[in-house]
Amino acid sequence: MDDPTINWDQAIYEEIKDKLSSNFKNCGFKPGEDTVFIMPCSGMHGAFLKEYPGEQLVPWYKGPTFIEYLDSLPSFNRRSIDGPLRIPIVDSYKVSSLCRIGLAPVGAFKEMDVIVMGKIESGCCRVGDKCIIMPNRTQVEVTNIYYEDIERDSCVCGENVRLKLTNIEEEEISPGLMICDAEQEPCGVGRVFDAQIMLTNYYSIICSGFCALLYINGAIFDVQLQKLILILDQYTNQIIQERPHFIKQGQVAIARFELTQSGQTICMEPFKRFPQLAHFMLRDCGRVVVFGKVLKIIE
47 MDDPTINWDQ AIYEEIKDKL SSNFKNCGFK PGEDTVFIMP CSGMHGAFLK EYPGEQLVPW
107 YKGPTFIEYL DSLPSFNRRS IDGPLRIPIV DSYKVSSLCR IGLAPVGAFK EMDVIVMGKI
167 ESGCCRVGDK CIIMPNRTQV EVTNIYYEDI ERDSCVCGEN VRLKLTNIEE EEISPGLMIC
227 DAEQEPCGVG RVFDAQIMLT NYYSIICSGF CALLYINGAI FDVQLQKLIL ILDQYTNQII
287 QERPHFIKQG QVAIARFELT QSGQTICMEP FKRFPQLAHF MLRDCGRVVV FGKVLKIIE
């Protein structure tokens, strides 16, 4: 909004607001009903992010700043510190103890520590905990925990951490694997699942046999649409049509998917149990075409 060609022009703001509101409506949101709030901001100068730039500059905007609006929102933290441990792995690397403190060059030792990175979505983790990495059920032990640049004895849900693990090699780790407590119920694993999806930004219809790339919890898999079960009203979730032959852009449906490569399984959870581990998207032709959430793991 602070670009010289715009210069906080209210007419341009209203034009952008109308276009964004239309896109949000297509995704099932309801702008203007406390579900979507659009405000003018400047990332370069920080205007309306934390402080007001002054009434002389933007006399027509009387709403809150970005930080004020975030502070006014009700808590929506669904993570439970008492729940079963769930840490989707997003990356991993190896480094020796001496390399880590700068006393030896990287590659000087064959014995290297395996470090994994991820966000704790549920539960807590402590040094010395025995864990398993799903879906391979590899048993590991947590020997060190790092939060940002601080070494700690424990970590809780909501934190992005690095964990040093034993009894595993880096080659055995890939994004999308899940760290679970060895003494608790592990995460769901499957290759066939039912999901609620919404088709968006796609030039054609989709039907049984449609293939795309599945992005879920840091993992990427080839997936195929096995069948369409229902078409739902995107606002009321009422059933519009059973066993449809296809869906088109803007429609919401219940569908069944299967990983295309035999022997592959994926870590995921039903939406009712772990919403944060159930969301996914499908990409085709280099763009996101489907947003969805896992409802049930079939096999």
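Residues 47 to 345, numbered by the working numbering, are exactly what the sequence shown covers, in order. All C-beta atoms, glycine included, are put in the ideal place defined by N, C-alpha and C.
Environment of residue i [buried if 16+ CB atoms lie within 10 Å]
i	result
G338	buried
N53	exposed
F326	buried
P50	exposed
M90	exposed
L119	exposed
G164	buried
R208	buried
L274	buried
I179	buried
P105	exposed
I285	exposed
C31	This structure leaves residue 31 out entirely; the chain is present only between 47 and 345.
Nearest neighbour of residue i, chosen from the options [CA to CA]
i	options	result
D128	M327, G109, I166, D137	I166
K108	Q56, S67, L211, L66	Q56
D175	D64, C201, D195	C201
I161	C170, R183, Y192, C177	Y192
V82	K63, Y98, P99	K63
L245	E229, L305, T111, R333	R333
N206	D137, I243, L274	D137
F75	G89, I286, D279	D279
R172	A93, E197, L103	E197
Y281	K65, F70, Y59	F70
I262	P221, M90, M85	P221
V238	Q102, E97, E345, S308	E345
A301	G92, Q287, G204	Q287
K294	D330, C253, Y115	C253
G204	P110, Q230, C170	C170
R183	D117, P110, E229	E229
Residue i, DSSP secondary structure in three states
i	result
N206	strand
I166	coil
M47	coil
S250	coil
E107	It is worth fixing the name first, because residue 107 is Tyr in this sequence and not Glu. Y107 falls in the coil class under three-state DSSP.
E97	strand
D159	strand
N69	helix
I196	strand
Y59	helix
E216	helix
G332	coil
P134	strand
F112	helix
Q230	coil
Q307	coil
L211	strand
D240	strand
Q295	coil
L323	helix
D268	strand
Beta-carbon gap between residue i and residue j smaller than 7 angstroms
i	j	result
V335	N247	yes
M314	V298	no
G296	N72	yes
L276	F267	no
E304	Q270	yes
A258	L328	yes
F292	I251	yes
S67	S126	no
K96	I113	yes
T311	P181	yes
Y59	P99	no
Proximity test, residue i beta-carbon vs the ligand HEM heavy atom, cut-off 6 angstroms
i	result
F303	The ligand HEM is absent from the structure shown, which contains no ligands of any kind.
Would you call the region 211-228 and the region 133-141 touching, i.e. three or more CB-CB distances under 8 angstroms?
yes
Segment contact flag, the region 176-193 with the region 202-214, C-beta cutoff 8 angstroms, min 3 pairs
yes
Decide yes or no for the touch test of the region 315-326 against the region 227-245: beta carbon pairs closer than 8 angstroms, at least 3 of them.
yes
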